[in-house]
Structure formats: structure tokens, C-alpha cells
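Chains as they are written, first to last, in the numbering used here: chain G, 1 to 334; chain W, 335 to 668; chain D, 669 to 1002; chain Z, 1003 to 1336. Beta carbons are placed, not taken as given, at the ideal position from N, Cα and C, and that holds for glycine.
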């Protein structure tokens, strides 16, 4: 049994991870932590997340002694703010822990990326270099040999899983930048009070137009410019991405179908649905990414749907853990 | 044209009032105010409430000089916190303004009520004595001659309009206390960020069991004990109250129908629907209270529905203004 | 491995059962059926319920030869209309199958009950006599020796689990009938198109006042008159019941706490939360009933919450199966 | 007072029109009709649409004698199915009525359009030729002299109002087709029961990809190819359109701002909000189209929001009536 600790257990992704670790036949929950000055410190996690009652009752501890926490686990999930993950990861790595980081702190190896998009200067370039981007269906081999996995963002997961098969197969005419319109449930903003997330203020609306930090994450990992417009939707969880692209001259619907089939054959985390168009409801509370598409003339619309807290965060982190440790990919997830 | 000012224009009820005053053929908007230290001070109201764009563009001013504000209007709506209304009302009254207070500060004349339920000691007993409770369908005569109208709370409006006709007709067996279960949309909690009102945390749930301040407001004005259990619902606006009562021996369905018909004949703000059971959707964005009921044996279920921001607050305030100034009751409301 | 068949696999409860059977380590899915003339016949279940893709792909068959279906399974779930269950159960029982019926066909042994409330005359009184009412936390012993389990309705489950501990402990003053106000998600009406369930028409509203068939089901099994008012809520799944009762003279909060503790100690399906009031969100997609309460003077408000499709139907059916076959109660459910 | 009749009064747009006509100081309601065999025939409209109680109580009549209905009004709104409008319009026109048709029957003058996209052959080409497309902000002059106004579809209204200013100003590089992603509330599908609109089945999802009939309506009236992807959203009313376009080399943000300002100056139905991005909530229950946009490099995102039942249907129809009859454009609408 691998001792597994979760930092950031008061948030929504932390709660999902706590449930998964508890269910996992090869893992044992070794610790739940929140930041040292959190008002939640000391409370049972089931008091913060009522749905965990009877399932996970361990208290969330204030993270005072990071070294000690690291010495008491084999694996750590960092469900923490970007800056916090940036600082914590090296401590756990130095102790030999496997680190699965759900933040953006180790996702992109590009000059000025962190100063520009995250507002801090990266101090751990060696770890940034070694980090493997945990897009589970595409980087399984690299994940197997990684000690630090940077789990992709929610929008980047939905977007890349939809675009990458066509791009890798050379079918996309990139003179027209792929246009990604995506809508996320409010849980994407985390568990905290704000006017933006206030029940009466939520109403379908784009935000972060042309300046959301997931745009460069998507573009860098795809190696292709994209136009990315995120929207806040009036639902709790899920992301739907509708992607419009131009195909190269002469590309057929068969080539498209074949590109998706090839990309995801034997990959249990993606369900290619052909011309059946995904909807959020079918992926809610599941670890799946559903993908559908339609071709007309030179244009294609690809639609993908995920649960933002699961395939867009916690279940993809667990899927990476499963890959890394050679468990079946969806262990504890279905 | 009567000059009409709104204090508390950044909140949801203030925004509704601003719209109504603008529409009203006999009123002119003389001022919109927020508290002196509000971050919203100086902004056009349409920036705070996007739906007002093109309709009301006046900026909300910081309320620094109350005397001056009072001297510049004939009528004031106080859409302010209880303590604030408590302090402001006498200033406006002293200047001869008509005051329509949407808070709880002048609603209940009972010893210890404000210390027990509102946490402050009332300093203006003379005005408390003179204040008229603005339950429009029942107190029209008193409202006509009042200078200070205490507009009822949202739950008390829905509850009393449903119960009062039967109680006044002597049909209720009060050995069983009326059981009021009511569900309110989230806007009832006002326009501010909190974990409770956070989109992802809202889920049908009772709150304030046995200790909500609207219980004594209802009981005092009805003159009858009641059990009142409020619920938070997963919708933005509206209140539905389901009320279970015991009728006196031998009371017939005809007597019940007659009691409702008598109570609300010629009262345009209440729509008695008989055995057609009200639903929130039909009263949203309207100034109406819908009432339906069903009798079986000695029991009756009465159901009432209102828009909590309108009949439960702003439109009832305007209805009182209309009554007081002898305009048609629903002027500017339909 | 016990061969398990589901009749009524096109509905929401059928889909949940199919998932559970697939997850269950001691069961194997032996058949999915719909009525012989269903338009869904022949389709993979994952086409009817998109969320099952990749998890359960078996086609739903038209139920033409009931004898044959019965001969091919050890256990059957009837997720069918009342009349259909009434007819099918005896065929499966005659073949020695364990039958878990989610309909109302075998729930109540009272004269005229089926003619009055279900509109048909019961033809199988012997089986009605032998049927055990599957309220899992209260009838485990009887379920162990039953061949036919009548799984309780959704409202009756939420209501009885909340009331029964106090009633059995003799704490309730039944001169005031318990007042049950309950709100159900729209899935309670099943998977079919109707104006009532149409997205734009759903709005919090009571229905079936004084004549819902779950009232006599609750009253009969409790042995106590109740006033039951169901509501349709604007959410997909879940039931919240708010129950107002009068306690006998002198009953203390401690006696109440002790009654709940005694009733549910060691029962994993009920989470007694004391004065923490349940909310629907915490039980959604779980097999739990959450219960909280508050006492004031002689009155008590008890609140219970369940997922109507799970503890109110499918997971309680599976819980009964687990009890009957001596598996851990929540196997395949958490 | 102009006598105004509404055909199709049982639907959502018919109900909105009935309210508007009642409020309008220059109109009198002369008739409400449904199709001759409708189950709703004879009922008061307030029974079909509970929110109209106390406001409009006129019964909806079966439309048996069209000639007679036409002879009894000056103006008719056709809130009817496309084929029905196609047949009815000429009868009313022949009697000299002003006809405002909310269907698609007279919107597009292009060969094969009706056979291809609406499944019927157009029989009234002379009227189709004379019909004016009622995009109020752009065709006011033509509307003034039209007898038949074809009110635009909901998606086409939101799309064209957002794109047309830039296109007319020659700023758009149409080598990249404008990409329109739009999400509509469920009321867009009308008032009828269907699995698609069933509460439990609604979940954010694209539909009609590459084959929705509003694509050619938009493209024809803009004179520009577009890629249009409609989505069903989990809300009752409203449309949000997010539109991605390429600008011509060297186009500046100032030119864009100027194009919008010029287009909508003095047009009360459109609220240009600059970089403030519209949200559905702000236009719900209003006659406005809100427009915002952001430019980066050669790309622009324009976002528009309308109430699909109002600016996307009924209020735009009334706005056209107001223009035609030289009333203020938003009479009876704010």
C-alpha cells in the first residue's frame, strides 16, 4: 500500500482526491493538509465537504512542517495554489515522493511564461525541466518515468484531447487558427466566496478574452496558435469545448475518423462518439473525456466534454498516478 | 412630480426601485445613494446592475450629508441594513419626507424584539409607535395616513397573505400551530459574496430553524403562534410558502373560498387561484402574490408565491407609496 | 457470481442499476430488458444513457419471453411500471429468482389500496402477503429471508427514516399529525416527455396535495396518520423532506438524540448529522440518507435528504440485495 | 387605437405579445387565436400562461374563419409555425392588415431556400418579394413602408447585430469565415413536450451543427459566409453569441469602436458596452441586445446577448410595429 497525502484538502479537487484515495485498493490515505493559517485546520474533511460523511472522516491538518509531511508519504497530490505548489513540490521531490501537481506551476517550459501569466518568477527551473505534462492519453510513457507530473488545466485537457489527434495526423490547415469556445461550470473557480461566483450573479458569459493563462498552455503543448475564449456557465461542474478548425485541402471524413480512432484506441479515458455530440451531463462525475465531431467541406467542428474537477483535475491526476505505478488507468475512478 | 430618492441603490431591491421610479408617471428620481465608504460610490447604477443600462444611468452617490439628501426629496426608500434604516428614518421624517423602509427596523412593536432578534436597542420608540406596517392588502387605510411605512419582510408577506383571511374569518383551529414551510431564492440574502450564496454551495436546504427573525414578525402581526421553517432554494428569485393548518370543526370548503374571496376582492396585488396551486415562475418579475389551497377533512394546505424582491420588498414598497399618494396601486409595477 | 437481470433498463433507475451490477464483485449482468414494443429495444444501453458509454454497452432487449428471461437469471430487478411489476414478479418468483421490485405493486397490504391509489385490482395476494417491504435499515432481518422485496418509494424512504426512530421510541404526540413537506428533483417523474417535466415549465410547486399515493404508503408502514405535501423542485435529482412534529410532554433533546443514535447505529446507509441540517447536494449520487433535526419546546423539525434515484430507488434495491445475500450493505454503492 | 390580433397565443412568444399589446397605449387587443383543433381552444390565456393572470384574461379562440379574424383587426402578429404563417399571411394582407410574422416563412428570398431548409415549397413569391426583413436597427426605413414584416430569427438577430457594423464598415477579412458560437435557453424550442426539452435531459450541448436553418438566414442577410454552431443551454431564456472574426490588415480598435458607435447611435434597442462583456442575465426580460467586444492583433471577439423570446422574437416584432406606426421604438417594451 502506497501512503498518499493530499495538500489542499479543503478545496473541491482535494475532496475528490480524498474520495479516490480511500477507494483505491493500492493506496492508503496518509494525510490531509490545508495551509497553516486556514480556518478549516483541524476540522474533519467531512465537515467541509458534507458528501464525504461516512466515507472520509480524517481531519485536515495545518501544513506546518512540510519536511515531516513529506517524510510520511510515498505520494503527494498538490491541490494548491500555483505559488504554493511551486514552493512545495521540490521539498516532496527531495524526499523521493512522487508528486502530482494540479496547479499550473510546472506545466509550461517557456521563457517569461510564469512572470507573464502567473505573476511570479520561477525558482525551480531544474524541476520545471524534469516535470512531465500529465495529459494522460498522450504522455503515458513519459509519466511512467516521471517523479513530478504537472497535471494539465481543465480547459487545456478538453481542448488538447479534441485537437491533438487531427494536428498530429497533419490534417489541420493552421492558416486559420483553431477557434476554441469553452464553457466551464462554476466549480472551476474553486471553493471560495466572490461576487463573480455568487449564485445571483452567475449567468452565461465569456471572460478572460484573449488573456486567459490557459491559452498559452494549450498553444505551447499543441505547438499551434489557437484562439481560446472561456465562458462561465450556470452549472456546477463540467466543461464543454466547441472547436472550429479548417482542414487541409482534400481531407476526408474518413481520415478524421481514423485519426481519432488511432489516437484513442485502447485508451479508456476517452470515449470517441463520432457524430454523436457530447453533452456535459454524460461526463459529470466521471473520469471520461467525450469527443464528437462533424465535418463539412473544409471545416470541422470538434466537441469535447469533461468533468472539470475530474478529468480536468483530480481524476486525471489519479490516472497519472495509476499509469506511473502500473495500475489499471481507471482504478478508483469508475 | 414627487422627488423620490433611494438609499441603498447598490443592492438588488434598490435596483428594482430605481427602475420603478423611472417608469412611474408621477415620480422623478432625485437621488441614488450608497453608504459613504462603499466601493460603488460614484459609479453609474447601470454599471452595478447591467440590466439597467439605457434605462437608469444616474450615478450612486456616497451618502455623506443626510440632511441635504433629505431636503432634496419628497419621498425616500430605505433599502438599507436594519441598523442603517433605524438611524436614517428619523432624519428624513423630520424633514417631512414620506419614508418607505424596506428593512426590519420599524416593523414590530414588541418589548425586547430588537435586542433579541436584531442585536440592537431601538432608539426611536416614538417613530416605531407611529410606523405603519405596510402589508398593502390589509393596511391600506393606515398606510394612507402614515408618514413612515415599514414594508414587511419577504417571508412575512407570503405567509400572512395566505393565513390572514382564514384567521380573520375565525376558521383556524389554533391548537395546532400553523406550519409554514417556505423556500426563498438566493437573492433574499442580498447582493454580497458569501460561502452560503456561492453558486457551488447552494442546494435546497432549511436554515434558521426555530430562530429566524421572520417568525416573530409573522406571529406578532397575525396574533397567532406559528412554526416557520425557511429554506434556501436553488433559484435566483421568488418565495413559495406551503402552509398546513387545522380548521375548526365543521368548517367547509365554501367558507374557506368565501374567506379568500372577501379578503382580496378588489385588491389587484393578490391573485386567488382556488385549487390551482401557485408556482414561483408565474410570479417572478411581477408584483403579485398568488394563492391557492386545498381542504381535506379538518386540514387545509394553503400555498402562496411571490417574487421576494418585488412583492416581498420593492414592489410592495411602491404599492404602499401608490396607496399613500392615491395613485392606482400597481402604477409602475405592471 | 449471481446472474442479475434488469427489466426496465431504459429508465433512469434501470440505468443506475446497470452501473451497480457491473461494479458489483459478486454479480454478473445477465440481461437488460425493455417492454416488447419499446422504440429503444435493440439499442445498446449506452446509447440511451450516454453516461454509461465505456462502462455498460449491453443492448436492451425487448421482453418477449418472460419465462426464458426468468430462467436465465438468479436475481431480477423490476424497474418497471406498477402494473408491469404486478404481472412480472410472479413469473420470476415461480422460477425461484430473487425479485427486487422498485414499483409500488407489492408495497402495501391494505384492502382497496391498489384499486384506490393505483387503479388496478391486485391479482397476486399470496405474493403481496409474502413480500417484504425493503426499508433496509428497519427490515434487514425480514429481507434476509424474503424472496420478493418491495423496495419503498422515494418519498416514503426519506419520510420514514426521519420519523420512525422517534415514533418507535414513543416520543411523538400524534394528536398533531406529522407534517411532511418534501421536494423532489424532476427525475422522480421518470424518463419521458411531458409538459410538466418540460424544462421551461418546471418551477418549485406543490402537487398531489392530499392525494399522492405515497401518503398511504407512509401512513400504513408507520402506523400513524401524516399530512404529506410533495413538491416538484427545479433540480434533477434528490429529495429533501422537512418534517414538523409535536413531541410528547417532557421529551428532551437528549431523548431525541438517543432515539436516532439507537436506530441507526451500525447502519451505514443513514448518516445522522445532529443539528447539522442536511442538504440535497451532499447526498446526490450517494446511497445515503442524511438526517438532521432541531427541537424547540414541544416541537421538532426533522430534515432528511436522499438521492431519489438511489436511496429512493436503485441503491436501496441493491442494498436489499446485499442484505439478502449477506454481502456488505453498501457493496457496489460507494 | 389600432386593433391588434395574435395568432398562436398558446406559445411563449404569443404570451409575451399579449402582455405587450395590453400595455401599449395605442393598441387594443382584438383577438387571441390558436389552431382550430388545439386542446387549448376556449381557455383564458391566463390559464395557459399563469403569469398573465390579472393582466390578460381573454380566451384563446380556435382559428376557424381566417377571413373574419382578418376583418376584425388592423394588425396581426403571426406567432405560428412556418407553414401556418406561410398560408395565413396572404389572407390578412389581402384584407389590408399589417402583418408581423415571427416565423421563418417570409425571411429569405433565395432559390430553393424553403424546400431545402423548411421542407415546403413557397407558394407566395409575390409576398416573399415584398416582405421586409425586420432587423429593426438596420431596416427601419423599409419597415416603415412595409405591409409584411418578417421578424428575424433569434440566433440571426444576435449574430447580425454583432457582425453587421464591422462588415458594413469594411473591417472584416472574410477569408476567415466568421465563427458564431451561440447558446440558447430552452424556450427557443417552443412550448411543447419533447425528450430533448425534458428537464432531466437538458445539459449544455451543441446541436444542428452545419445544418441549422439559421445559418443560411444569417449568411444571406449579411452577404457573407459564416460558420454557425448553436447550443442548447440549461436555462429558460436568453441567447449569448460569441463571434470570432479576423479583421483586415491594419484595422485598429478605434475603427472598431467607431463602427459600433456609428451603427447604433440613437438606436435604443442596442446597448453597446465596449469592453464590458455582455451576459444573459442583463438582457433577460428586456428588449435589448447588449454588445461587447475585444480586439487582439488581427482577431476580434464580439459578444452579443438578447432575450430570445423578446429581442429574438416578440419585442422585435413589437419594435417593428412601433417603427411602422411611428410610435417610439420601445413603446410597451420597457
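Contact check, residue i vs residue j, beta carbons under 9 Å
i	j	result
residue 352 of chain W	residue 653 of chain W	no
residue 410 of chain W	residue 356 of chain W	no
residue 240 of chain G	residue 1206 of chain Z	yes
residue 577 of chain W	residue 508 of chain W	no
residue 924 of chain D	residue 963 of chain D	yes
residue 165 of chain G	residue 317 of chain G	no
residue 569 of chain W	residue 902 of chain D	yes
residue 1003 of chain Z	residue 1317 of chain Z	no
residue 300 of chain G	residue 246 of chain G	yes
residue 546 of chain W	residue 489 of chain W	yes
residue 385 of chain W	residue 1285 of chain Z	yes
residue 1154 of chain Z	residue 1165 of chain Z	no
residue 1097 of chain Z	residue 1133 of chain Z	no
residue 128 of chain G	residue 109 of chain G	yes
residue 829 of chain D	residue 957 of chain D	yes
residue 347 of chain W	residue 647 of chain W	yes
Where residue i falls: helix, strand or coil (DSSP)
i	result
residue 446 of chain W	coil
residue 218 of chain G	helix
residue 373 of chain W	coil
residue 475 of chain W	helix
residue 1080 of chain Z	strand
residue 864 of chain D	coil
residue 122 of chain G	coil
residue 1290 of chain Z	coil
residue 209 of chain G	coil
Residue i to residue j span [Cα, whole Å]
i	j	result
residue 107 of chain G	residue 332 of chain G	25 Å
residue 215 of chain G	residue 34 of chain G	29 Å
residue 929 of chain D	residue 940 of chain D	7 Å
residue 811 of chain D	residue 767 of chain D	11 Å
residue 1049 of chain Z	residue 663 of chain W	24 Å
residue 133 of chain G	residue 60 of chain G	28 Å
residue 816 of chain D	residue 756 of chain D	12 Å
residue 182 of chain G	residue 1038 of chain Z	45 Å
residue 439 of chain W	residue 413 of chain W	11 Å
residue 645 of chain W	residue 620 of chain W	8 Å
residue 53 of chain G	residue 934 of chain D	14 Å
residue 627 of chain W	residue 610 of chain W	8 Å
residue 280 of chain G	residue 268 of chain G	18 Å
residue 97 of chain G	residue 1202 of chain Z	44 Å
Residue environment, residue i, which counts as buried when at least 16 other CB atoms sit within 10 Å
i	result
residue 1230 of chain Z	buried
residue 250 of chain G	exposed
residue 64 of chain G	exposed
residue 359 of chain W	exposed
Any non-hydrogen atom of the ligand ZN within 8 Å of residue i CB
i	result
residue 242 of chain G	Annotation note on the ligand ZN: not contained in the displayed structure, which lists no ligands.
Exercise. Residues of the segment 1277-1295 of chain Z with a CB closer than 9 Å to any CB of chain W: list them in chain order, please.
Key: 1278, 1280, 1281, 1283, 1284, 1285, 1286, 1287, 1288, 1290, 1292
Self-check item: Within 7 Å of chain G by C-beta, residues of the segment 1167-1197 of chain Z in sequence order
Solution: 1178, 1181, 1183, 1185
Practice problem: Note down, in chain order, all residues in the segment 559-579 of chain W with a beta-carbon under 7 Å from any beta-carbon belonging to chain G. | Solution: 570
Practice problem: Taking a Cβ distance cut-off of 9 Å, strictly less, list which residues of the segment 1196-1210 of chain Z are near chain G, in chain order. | Solution: 1202, 1203, 1204, 1205, 1206, 1207, 1208, 1209
Exercise. Taking a Cβ distance cut-off of 9 Å, strictly less, list which residues of the segment 301-331 of chain G are near chain Z, in chain order.
Key: 301, 303, 305
Quiz prompt | Short-range partners of chain D found in the segment 23-36 of chain G, where Cβ spacing is below 9 Å | solution = 23
Exercise. Determine which residues of the segment 35-52 of chain G have a Cβ less than 7 Å from any Cβ of chain D, and write them out in chain order.
Key: 50, 51
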